[in-house]
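Engineer: Have a look at this one.
Structure representation (structure tokens):
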């Protein structure tokens, strides 16, 4: 795992390039604390900050081919690199290291872009062709690893994190109200969005090339698929298939020359990963969890039950609201995106604990709910789609099954839900039927902006431009939206990659393997009606895990939100309360923002609605991002006492053909 950065076609003086690329890497060196590497040409430069996981001694980057034509800066892991290496050796390739970086370079030299669908991993890379003066940028199929690019005069900049651009002379960050409107509405950036004008995210499952004249070409190599395929003939076969695919996926993700740990959330997904890790490796792993003072958020009993059953070396981090408020600015700086809840902040703190315990690689359960229909969203879509054809008793029975974890719901709440489902039983937003209920909160959040343009215009256009959606069922469309929005835009980034790599920890997700997703697609809604959440997944591992975890329904991971800031009253809250500070963001409706923040910070927590809480977190993170990136004030630095990574490679090709 690494951080990569670079620029091409720049007209700055060539003598300045070594300092510029060094400065870019310095901004993202938290991603790769084991060593820095650069290569500099007359009008281009690449750099890597390396987190050494596979072949720590010889896998130094940037890496070149035997002729010195191609230079690769690579962030990530290709889990099936051994199989690809054997295949390439059969074609005559000769390898000098044991690392997956060299396999990726050889794969591109042999297959070109056709190698990309063969890669099973989480990655982003930049490959520069010195002869043709051509750059290739590519990203993995699920968006596990970030990659951003930006025009800067005639130059093109790119980096794993946008903060690298802070080191480029003359580069200006400007928040984009149009993108912010979409982010507020949809809860998360769309695949190409960054939240800043002139900066784009490389979409997942795509690659792009930039030629010597600066022309860009964009290509998709891994469109999302939900291959129904031949379904297993029985539930027993279905459960065996699930176990086989997940075991294979975990086995691949345990390939590492350093120890691999597991995050335990308290739910079934991470428990399965921990169980398989123990079985495959032959010894219990180190496990890590966050717990909360607030009992309504805490899952420590289930975490401890799994740790005890497997005999893991368990580490728990207790989180109070004060910890959330204290760590928020630094966590937002690393996240780089507006956030609608605070749950990423405990993950930022947990990754520091993980690093301090000597663990560089962690497995987690992300992706399971998207593949196996674990969210209420999917059940709600089923119910709303069938609503008009059901009688009143059937509707009430389905609502009761839909929310079994909400035992306090009485007749009044059921009546309110019945009215809500009646209201949303037919599609209002083309292509977005499954998410219309969720987007109501987003519609409220969009009121933060002065410009009241449609916050759903961008996602509506994204749906309209995708012909592959036409044959999907409503539930599969809901999955498609999750895989394209909340999963890569928040769960894998703000709550995943960014807080982990802030402390040099690489996260791997066994449920985000195409073979696992294919297996899930072949069994979803084949042996049940979808209301018994992840039934076959639970049954497949029922004999291997504590019953309290197997039988536990989905418990959404949450952390203290607005009430944490109201109690702690950190100084930076002036950003959302001061007329002077809010005036620095001319696109914000300052009057609405001040009314909202005043209510949230002064009212009892029970009087703050979900949409108000969500909107307050959005407002706070947007103002912090403005301070750090636009105004460049109080930018958090490196952890106190942490040395800069050593320079492991510095290649100077200036003046050479």
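Numbering (our numbering), first residue to last: 50 to 706. In this text, a Cβ means the ideal position worked out from N, Cα and C, and glycines have one as well.
#1: Helix, strand or coil for residue 86? Go by DSSP, reduced to three states.
#2: Out of 425, 339, 146, 359, point me to the one whose CA is closest to residue 373's CA.
#3: For a quick check, are the C-beta atoms of residue 81 and residue 62 less than 8 angstroms apart?
#4: Given this structure, state the Cα-to-Cα distance separating residue 92 from residue 294, to the nearest angstrom.
#5: Under the three-state reduction of DSSP, which class applies to residue 652: helix, strand or coil?
#6: So, residue 78 versus residue 618, is the Cβ gap smaller than 8 angstroms?
#7: Between which two residues does the beta strand (DSSP E) carrying residue 162 extend?
#8: Near residue 695, what residues of its chain come up, given a Cβ to Cβ distance below 6 angstroms and the 5 sequence neighbours on each side ignored?
#9: In three-state DSSP terms, what is residue 129?
#10: When burial is assigned at 16 or more other CB atoms within 10 Å of the CB, is residue 289 buried or exposed?
#11: Please list, in chain order, all residues of the same chain as residue 663 whose beta carbon is under 7 angstroms from its beta carbon, the five residues on each side excluded.
#12: Counting pairs of beta carbons, one from the region 582 to 600 and one from the region 131 to 143, are three or more of them closer than 8 angstroms?
#13: Tell me where the beta strand (DSSP E) around residue 172 begins and ends.
#14: Three-state secondary structure (DSSP) at residue 51?
#15: As a quick exercise: from 575, 551, 496, 651, pick the residue whose alpha carbon is nearest that of residue 660.
#16: Just to confirm, are residue 508 and residue 239 a CB contact at a threshold of 8 angstroms?
#17: By the three-class DSSP mapping on this structure, what secondary structure does residue 450 have?
#18: Considering only residues of the same chain and omitting the five flanking positions on each side of residue 263, which have a CB-CB separation below 8 angstroms?
#19: Where does the unbroken alpha helix (DSSP H) through residue 383 begin, and where does it stop?
#20: What residue from 644, 148, 114, 603 has the CA that sits closest to residue 317's CA?
#21: For residue 351 and residue 253, what's the separation of their Cα atoms in angstroms?
#22: Which residues does DSSP list as the beta-bridge partners of residue 258?
#23: What separation, rounded to the nearest whole angstrom, lies between the Cα atoms of residue 565 and residue 524?
#24: Taking Cβ to Cβ, would you say residue 123 is nearer than 8 angstroms to residue 70?
#25: Put residue 249 into one of helix, strand or coil per three-state DSSP.
#26: Leaving out five residues before and five after residue 101 in sequence, what residues of the same chain have Cβ atoms less than 6 angstroms from its Cβ?
#27: Beta-carbon separation of residue 309 and residue 301 under 8 angstroms?
#28: Does DSSP put residue 433 in a helix, a strand or coil?
#29: Output the boundary residues of the beta strand (DSSP E) element that contains residue 418.
#30: Within 10 angstroms of the Cβ of residue 144, are there 16 or more other Cβ atoms? Answer buried if so, exposed if not.
#31: Helix, strand or coil for residue 573? Go by DSSP, reduced to three states.
#32: Mind reading off the beta-carbon distance from residue 678 to residue 222? Whole number of angstroms is fine, and I expect it under 8 angstroms.
Structural biologist: With the given structure in hand:
#1: In the three-state reduction of the DSSP assignment, residue 86 falls in the strand class, which pools E and B.
#2: With distances taken between Cα atoms, residue 373 lies closest to 339.
#3: Residue 81 places its beta carbon 8 angstroms or farther from that of residue 62.
#4: Rounded to whole angstroms, residue 92 and residue 294 show a C-alpha spacing of 47 angstroms.
#5: In the structure shown, residue 652 sits in coil (DSSP, three-state: anything other than H, G, I, E or B).
#6: Judged by their CB atoms, residue 78 and residue 618 are not nearer to each other than the 8 angstroms cut-off.
#7: Boundaries for residue 162: no beta strand (DSSP E) harbours it, and the DSSP string shows neither H nor E there.
#8: Cβ neighbours of residue 695 beyond the five flanking positions: 84.
#9: In the structure shown, the three-state DSSP call for residue 129 is coil.
#10: Classification of residue 289: exposed, given that the 10 Å Cβ count is below 16.
#11: Closer than 7 angstroms at the Cβ level, and outside the excluded window around residue 663, lie 389, 390, 490, 494.
#12: Inter-segment contact for the region 582 to 600 and the region 131 to 143 is absent: fewer than three beta-carbon pairs are separated by less than 8 angstroms.
#13: Looking at the DSSP string, the run of the beta strand (DSSP E) that includes residue 172 is 170 to 178.
#14: Correct three-state label for residue 51: strand.
#15: Residue 496 holds the alpha-carbon nearest to the alpha-carbon of residue 660 among 575, 551, 496, 651.
#16: Yes, Cβ-Cβ distance for residue 508 and residue 239 is below 8 angstroms.
#17: Here residue 450 sits in helix by DSSP.
#18: So the qualifying residues of the chain are 58, 203, 205.
#19: Unbroken alpha helix (DSSP H) run through residue 383: 370 to 384.
#20: Comparing Cα-Cα distances from residue 317 to each of 644, 148, 114, 603, the minimum goes to 603.
#21: One C-alpha to the other measures close to 34 angstroms.
#22: As a beta-bridge residue in DSSP terms, residue 258 pairs with 185, 266.
#23: Computed Cα separation, rounded: 18 angstroms.
#24: Contact flag unset, no.
#25: Under the three-state reduction of DSSP, residue 249 is assigned to strand.
#26: Correct list, in chain order: 83.
#27: Not in contact: residue 309 and residue 301 (Cβ atoms no closer than 8 angstroms).
#28: It is helical.
#29: No beta strand (DSSP E) contains residue 418, which is instead part of the alpha helix (DSSP H) from 417 to 421.
#30: With fewer than 16 Cβ atoms within 10 Å of its Cβ, residue 144 is classed as exposed.
#31: Here residue 573 sits in coil by DSSP.
#32: About 4 angstroms separates the two Cβ atoms, so the contact holds.
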